[in-house]
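Chains as they are written, first to last, in the numbering used here: chain A, 12 to 263; chain B, 12 to 263.
Number of protein chains: 2
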Amino acid sequence: MSQTVDRALSILPLLAQGPADLGQVAERLGVHKSTALRLLRTLHEHGLVYRQQDQRYRLGARLFALAQEAVENLDVREIAHNHLVELNEQCGHTVHLAVYEENEVLYIDKVESRYPVRMYSRIGKPVAITVAAVAKLLLADLTEPERRAIAEKLDYPMYTSRSVPNAGAFLRELAVVREQGWATDLGGHEESINCVGAPVRGADGRVVAAMSVSAPNVVVTAEELLTLLPLVRRTADAISREYSGSTPTEKA
Amino acid sequence: MSQTVDRALSILPLLAQGPADLGQVAERLGVHKSTALRLLRTLHEHGLVYRQQDQRYRLGARLFALAQEAVENLDVREIAHNHLVELNEQCGHTVHLAVYEENEVLYIDKVESRYPVRMYSRIGKPVAITVAAVAKLLLADLTEPERRAIAEKLDYPMYTSRSVPNAGAFLRELAVVREQGWATDLGGHEESINCVGAPVRGADGRVVAAMSVSAPNVVVTAEELLTLLPLVRRTADAISREYSGSTPTEKA
DNA sequence: AATGGGCGTTGCACATGATGCAACGTCGGC
DNA sequence: GCCGACGTTGCATCATGTGCAACGCCCATT
């Protein structure tokens, strides 16, 4: 809608692929160098873009700060966190919390028992939306036309032989999930990883987030993991209750 | 430099404080509602801003993705990570990696032994720049006028009685750090936490990052922590060597 | 040393595109 | 069922962003 801003913002994903110099930015934007320069300068002033010694531009530190503040303002996450930790202590497996937003599903919290490292490497990454248990839970709550629209737009990569293959299968899966109120991913993303998940609901019953427990085959079989389902659902329900009770999105 | 983009970008930190509706955004920007609307729409198209059910705006998911890609493009971090993990396995304490950028110091990696949770809660957060060991290391490498300029611009909050109190003390501390090639923070940020840090240098000798080991008094005394200094320096030097050797910022 | 090319930068004239206004539509509340 | 608040739209004005061309700088080449 606003050409100037549109161009400026287009620079960000461009730089996300790696540093670039002024000429490259101008070319890929299809504008004159001087125009690109002014846009970059403006981005720079706001800290979204950083200029390294070789004068090339890359994404700046303020982006982290913004993403950080953004995630901290999600009250679901704040409420859920203690419950996730507790669940992790009880079962020992990796616990995820995710939300749906604008055709994307993203993790907003994670508690991992065994490898504490590189935790943030998942946050913000595109979730395998067609197979992940949390994605199914979040999409299953949309209206039927919404589900259909999204299902048709998606790609269905065959991560494994058990990945959801196409829109039809996905919609059927969503119907099942919607009906039963929980979801699984049994080796659909990585052959040896299984997940069980349950939805977190707001006061109006709408799904506001989804959580899941993941574990590799070598630790527990899929059947054993499924025995955790009651525990997972209880945890999700506890979060739902607390979230509904504490007047969501009410503070400052 | 570019008014339109400048206004649009000013919306982001504004929303970082919490969701806001169109009127609030327009007012705080000092522009007409219709102008704010178009800016928000453009931000929305790029996924930087999200519109929740109550029509209020908040920061969007794409920010996470961008911050994520940005951090992955930092090759220091990639190279350092294994070394940090190794160090953590040897000493058991929390290990940090930080860089300096545009008057800010930020953590770009962290390995925590005891509480694997909420790791990302530190990433992107403003580091206590006047007291943190990594901050001293990074600032100590700047030129004298740069150091002076920054030292005078900073605030010197007294987190504890041992916090660095003012610009003069800070500059003296930086001189010491610059001289000795390592830094500490002994209860300057939190009364019971001590840190020891060492710099990571590029091929030209400039400090490109800094790392530190942190531990609470109740686990090890400051003196015991200081015995780790050789190990910390060895790790930092190993990272420096690998970073310098592998032709930094050279791939794609 | 001297020269040439590449890249970032600046000032400027032009007109495109951003701005504020006022009017309309819609939703929610007293 | 009316009133007020808020988001939304079309439009006339002109402020602002745009591309051009010229400059200066650094590095690489001979």
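Glycine is no exception: its CB is placed at the ideal position from the N, C-alpha and C atoms.
As the structure is a prediction and not an experimental result, all values here were calculated from the model.
Outcome for residue i when other beta-carbon atoms lying within 10 angstroms are tallied against a minimum of 16
i	result
residue 115 of chain A	buried
residue 63 of chain A	exposed
residue 43 of chain B	exposed
residue 176 of chain B	exposed
residue 241 of chain A	exposed
residue 225 of chain A	buried
residue 166 of chain A	exposed
residue 168 of chain A	exposed
residue 137 of chain A	exposed
residue 251 of chain A	buried
residue 100 of chain A	exposed
residue 152 of chain B	buried
residue 120 of chain A	buried
residue 230 of chain A	exposed
residue 71 of chain B	buried
residue 211 of chain B	buried
residue 263 of chain A	Only weak support exists for where residue 263 of chain A lies, its pLDDT of 33 falling under 50; the coordinates are left without a value.
residue 127 of chain B	Bear in mind that a pLDDT of 39 at residue 127 of chain B, under 50, signals an unreliable position, so the number given afterwards is only what the model happens to contain. Flag for residue 127 of chain B reads buried.
Nearest-angstrom Cα separation, counted from residue j out to residue i
i	j	result
residue 38 of chain A	residue 51 of chain B	26 Å
residue 204 of chain A	residue 160 of chain A	29 Å
residue 67 of chain B	residue 33 of chain A	36 Å
residue 190 of chain A	residue 49 of chain A	54 Å
residue 192 of chain A	residue 95 of chain B	42 Å
residue 188 of chain A	residue 155 of chain A	13 Å
residue 200 of chain B	residue 150 of chain A	44 Å
residue 254 of chain B	residue 214 of chain B	8 Å
residue 47 of chain A	residue 35 of chain A	10 Å
residue 227 of chain B	residue 217 of chain B	31 Å
residue 12 of chain B	residue 45 of chain A	12 Å
residue 234 of chain B	residue 206 of chain B	11 Å
residue 170 of chain A	residue 122 of chain A	24 Å
residue 97 of chain A	residue 248 of chain A	14 Å
residue 194 of chain A	residue 86 of chain A	24 Å
residue 16 of chain A	residue 17 of chain B	9 Å
residue 208 of chain B	residue 186 of chain A	54 Å
residue 28 of chain B	residue 22 of chain B	10 Å
residue 237 of chain A	residue 198 of chain A	13 Å
residue 158 of chain A	residue 183 of chain A	11 Å
residue 106 of chain A	residue 239 of chain A	12 Å
residue 31 of chain B	residue 25 of chain B	8 Å
residue 108 of chain B	residue 246 of chain B	12 Å
residue 65 of chain A	residue 84 of chain B	16 Å
residue 139 of chain A	residue 59 of chain B	21 Å
residue 41 of chain B	residue 179 of chain A	50 Å
residue 243 of chain A	residue 104 of chain A	12 Å
residue 14 of chain B	residue 110 of chain B	30 Å
residue 1 of chain A	residue 102 of chain B	The structure shown does not extend to residue 1 of chain A, since chain A is modelled only from 12 to 263, so the question has no answer here.
residue 196 of chain B	residue 202 of chain B	10 Å
residue 232 of chain A	residue 232 of chain B	44 Å
residue 132 of chain B	residue 256 of chain A	Reliability of the predicted coordinates at residue 132 of chain B is poor, the pLDDT of 45 falling under 50, and the value obtained from them is presented with this limitation in mind. Each residue's alpha carbon lies about 25 Å from the other.
DSSP beta-bridge partners of residue i
i	result
residue 120 of chain B	B/108
residue 196 of chain B	B/206
residue 70 of chain B	B/60
residue 115 of chain B	B/112
residue 222 of chain B	B/108 and B/209
residue 227 of chain B	B/204
residue 31 of chain B	B/68
Supposed contact pair residue j and residue i - C-beta distance, whole angstroms, cut 8 Å
i	j	result
residue 112 of chain B	residue 61 of chain A	6 Å
residue 20 of chain B	residue 53 of chain A	7 Å
residue 277 of chain B	residue 117 of chain A	Residue coverage of chain B in this structure runs from 12 to 263, which leaves residue 277 of chain B outside it and unanswerable.
residue 73 of chain B	residue 57 of chain B	6 Å
residue 142 of chain B	residue 172 of chain B	The Cβ separation is near 12 Å, so there is no contact.
Does the count of Cβ pairs from the segment 204-223 of chain B and the segment 137-147 of chain B closer than 8 Å reach three? yes
Check whether the segment 88-96 of chain A and the segment 72-80 of chain A are in contact - that is, three or more C-beta pairs closer than 8 Å. no
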